[in-house]
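Position 35 of the sequence shown, counting from 1, maps to 73 under the numbering used here, and the rest follow consecutively. Even glycine gets a Cβ: it sits at the ideal position worked out from N, Cα and C. One structure is given here, and the rest of the page talks about it.
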Amino acid sequence: MAAEATERALLAAVAKAQSGPAYVRMAIENMQIQGGVGYTWEYDAHLYYRRAQSSEILLGRASDQHDRIARLLSATAAGGMSR
Numbered sequence: 039m040a041a042e043a044t045e046r047a048l049l050a051a052v053a054k055a056q057s058g059p060a061y062v063r064m065a066i067e068n069m070q071i072q073g074g075v076g077y078t079w080e081y082d083a084h085l086y087y088r089r090a091q092s093s094e095i096l097l098g099r100a101s102d103q104h105d106r107i108a109r110l111l112s113a114t115a116a117g118g119m120s121r
């Protein structure tokens with residue numbers, strides 16, 4: 039049971055570490071593609087960038103997730119593989 043919880047935590051950390059920076063990159067790319075209107079308040083492009091930035095604060099930055107992944111993997115290695 040504990041091994042499953044650790045595996046789930048590890049998978050969640052990997053997903054967060056990959057999706058956070060991708061979300062920010064796509065939001066920036068969206069504003070670049072839309073040009074000048076990407077920065078205006080009449081269009082929602084700026085909202086995606088702001089949401090991406092706030093999601094990093096809420097969910098943790100990729101570096102935080104990398105640290106968490108390292109801790110989980112070292113704990114798993116120290117406890118032995120249960121599979």
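Neighbourhood of residue i by C-beta, 6 angstroms cutoff - its chain only, sequence neighbours within 5 removed
i           : result
residue 61  : 90
residue 103 : 51, 54, 55
residue 100 : 55, 58, 59
residue 46  : none
residue 83  : 68, 69, 72, 76
Residue i - containing alpha helix (DSSP H), residue span
i          : result
residue 99 : Run containing residue 99: none; DSSP gives neither H nor E here.
residue 75 : Where residue 75 is concerned, there is no enclosing alpha helix (DSSP H), given that its DSSP letter is neither H nor E.
Three-state class that DSSP yields for residue i in the structure shown
i          : result
residue 81 : coil
Close Cβ partners of residue i (< 8 angstroms) along its chain, the five nearest in sequence each way excluded
i          : result
residue 1  : Coverage of the chain is limited to positions 39 through 121, which leaves residue 1 absent and any answer about it impossible.
residue 98 : 54, 58, 106
residue 44 : 110, 113, 114
Residue from the options with nearest C-alpha to residue i
i          : options      : result
residue 95 : 78, 58, 82   : 58
residue 87 : 116, 66, 117 : 66
Own chain partners of residue i with C-beta closer than 7 angstroms, once the 5 adjacent residues on each side are dropped
i          : result
residue 93 : 58, 61
residue 64 : none
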